[in-house]
Amino acid sequence: MTVQQAWVIFASGAIWHPANAITALATRSHLVHVAYGDHETIVERTVEKGERLIPFKAAIRQPMIQTVLSIDVERSFNPEHVSLDKRPISVARGLAYLWSGGRVRHSNCVSRCREYLALCGYATPDNLLSPILLYEYLRARGATEVVIDESHPAQHAASRRLV
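Using this note's numbering, the first residue of the sequence shown is number 6, and each one after it goes up by one.
The structure is reproduced here in structure tokens:
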């Protein structure tokens, strides 16, 4: 069986936005946003406009990107075939989702990323509610950090963490 790859991008997000600021405070982490896809196309969920497809090369130019993880999955699933959710995210519902421990249903960047990974045959537990929890879970199970490019701010930060 050929090993397939799914990519998960973690970002700090625009901290001036209430949803990102609240997530950062609630989780005590600078990782407040996650996008997903493969080495060509990424699905990103914005608060105001819902999900959109963007080329991976355009996504990694964003200075808020903190790290990219590559995950071995059973089967690849083309991000272009994902049914995009164009609904805006409710900040109030997002808060209820975080503080209820996931008991309040909510479609956000983390839940959508978990759905995509499930399509790829990679199951994740229901208690992964925030980007930092997802990041820690994936790293603990062998996900590898992708070298973006040596000049990217995230790459510089990652190399400093290793020293």
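C-beta: ideal position from N, C-alpha, C; glycine also.
The structure presented is a predicted model; accordingly, all values stated were derived computationally and were not measured.
Ranked by Cα distance from N113, the first of E150, S75 and E49 is E49.
By the criterion of a C-beta distance shorter than 6 Å, E45 is surrounded in its chain by F61, once the five residues flanking it on both sides are discounted.
Where S75 is concerned, there is no enclosing alpha helix (DSSP H), although the beta strand (DSSP E) around it starts and stops at I70 to V78. Using a Cβ distance threshold of 8 Å, V13 and L89 do not count as a contacting pair. Closest in alpha carbon position to Q10, among L139, Y142 and G126, is G126. The Cβ atoms of T28 and V39 do not sit closer than 8 Å to each other. The three-state secondary structure of V152, taken from DSSP, is coil. If you look at V39, you'll find it isn't in any alpha helix (DSSP H); it sits in the beta strand (DSSP E) that goes H38 to G42. Residue nearest to L134 within the set A31, T51, E79 and S17 is A31 (criterion: CA-CA distance). Rounded to whole angstroms, the separation of the alpha carbons of P84 and I76 is 15 Å.
For the set A16, R117 and I47, the Cα lying nearest the Cα of P68 is the one of A16. Counting only the Cα atoms, R117 lies some 12 Å from K91. Listed in chain order, the alpha helix (DSSP H) runs fully inside the region 93-138 are 96-104 and 114-124, counting runs of at least 4 residues.
Within the DSSP bridge table, the entry for R50 names E56 as partners.
When C-alpha distances from A128 are compared across P136, Q71 and L143, the shortest belongs to L143. A direct Cα-Cα distance of roughly 25 Å separates D131 from E53. Shown here for H22: same chain residues with a beta carbon closer than 7 Å to its own, the five before and five after excluded, namely V52 in chain order.
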